[in-house]
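Using this note's numbering, the first residue of the sequence shown is number 341, and each one after it goes up by one.
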Amino acid sequence: MRARFPILTREIHGHRLVYLDSAATSQKPVAVLDALRSFYEHSNANVHRGVHTLAEEATALYEACRRRVARFVGAEPRGIVMTHNATAALNLVARAWGARLAPGDEVLLTEMEHHANLVPW
């Protein structure tokens, strides 16, 4: 599994890199790096923001990804919201859904939560 993640070949202070902060930034396997490079080289454009060929290609790729994620988690595609990372997703939930909290409502968290899930609440 480590071989799929080029960054994990690094050594830091004489030890192989172990990265445990994936809630903030996930390290990317070769397949993701290859897909990103291909997108930026061939289809890079704003999604849902244009009618030109590149925008239509980018939108088609984006929506195909949404459908694939939906199938994977057993959801409807319209229920899948793409964010940059878990921190951005948590902030979005806290601002949107959290705004509906009323006095006396509680948000339950554990001591094991990532910092990004503590701050917005």
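Note that CB positions come from ideal geometry on N, CA and C, so glycine has one too.
Does DSSP classify residue i as helix, strand or coil?
{"i": "I352", "result": "strand"}
{"i": "P417", "result": "helix"}
{"i": "V370", "result": "helix"}
{"i": "F412", "result": "helix"}
{"i": "Y402", "result": "helix"}
{"i": "G390", "result": "coil"}
{"i": "V433", "result": "helix"}
{"i": "S378", "result": "helix"}
{"i": "T450", "result": "coil"}
Have a look at the options and flag the residue whose alpha-carbon is nearest the alpha-carbon of residue i.
{"i": "A395", "options": "R406, S366, A410, F379", "result": "F379"}
{"i": "I420", "options": "R344, T427, C405, A434", "result": "C405"}
{"i": "V370", "options": "R342, T450, G444", "result": "R342"}
{"i": "V433", "options": "V413, R411, E451, V459", "result": "V459"}
{"i": "R440", "options": "W461, E381, T450", "result": "W461"}
Measure how close the beta-carbons of residue i and residue j come, nearest whole angstrom, since I'm counting them as under 8 Å.
{"i": "L430", "j": "N386", "result": "Not a contact, Cβ separation roughly 25 Å."}
{"i": "A363", "j": "T427", "result": "7 Å"}
{"i": "E403", "j": "A410", "result": "That pair is no contact at about 10 Å."}
{"i": "T399", "j": "H388", "result": "6 Å"}
Who are the Cβ neighbours of residue i in its own chain at under 6 Å, not counting the five residues just before and after it?
{"i": "Q367", "result": "F345, I347, Y359"}
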